[in-house]
Amino acid sequence: QVHIVESGGGLVQPGGSLRLSCVASGRLDGPYSMGWYRQVPGNQRELVARVGTTGDPIYDDSVKGRFTISRDNARDTVSLQMTSLRPDDTAVYYCNVFLFRDYWGKGTLVTVSS
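By the count of the numbering used here, the sequence shown reaches residue 255 at its end, each step adding exactly one.
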């Protein structure tokens with residue numbers, strides 16, 4: 142079993158920044174990817190950014206140039222630095238680990254509003 146805990150959400154004004162953090166623990170006994178997804182009520186969960194074991198990140202087009210994902214393999218952590226936040230970035234953000242299957246955190250709410 143893999144356990145995931147996210148932190149760092151909150152309320153921020155448009156144009157502001159937030160940093161989300163995620164730590165994974167448990168049976169991480171294989172190569173696995175880590176990433177961030179987000180979901181707005183009534184919509185499907187969508188990929189924001191993810192990084193595999195090679196460290197090459199992929200981003201959704203809507204966040205390219207504004208968000209940066211970083212991973213620390215030694216600590217089993219992944220972070221998402223979000224800048225130039227917009228109201229349409231408002232969502233619950235979920236940390237994901239894929240190791241033979243998807244594992245999800247409980248999510249952290251990011252609200253971008255003035």
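C-beta: ideal position from N, C-alpha, C; glycine also.
Q. DSSP three-state call for D202: helix, strand or coil?
A. coil
Q | Touching by the beta-carbon criterion (3+ pairs, under 8 angstroms), the stretch 230-241 and the stretch 169-189 | A | yes
Q. Which whole-angstrom value is the C-beta distance of C256 and E147, which I expect to be below 8 angstroms?
A. Any question about residue 256 goes unanswered here, given that the chain covers just 142 to 255.
Q: Using only alpha-carbon positions, find the residue among R160, R168, S158 and L152 that is nearest to G217.
A: Note that residue 217 corresponds to Asp in the displayed sequence, not to Gly. Of R160, R168, S158 and L152, the residue nearest in Cα terms is R168.
Q | Proximity winner among G206, Q185, D213 and S203, relative to G193 (alpha-carbon distances) | A | D213
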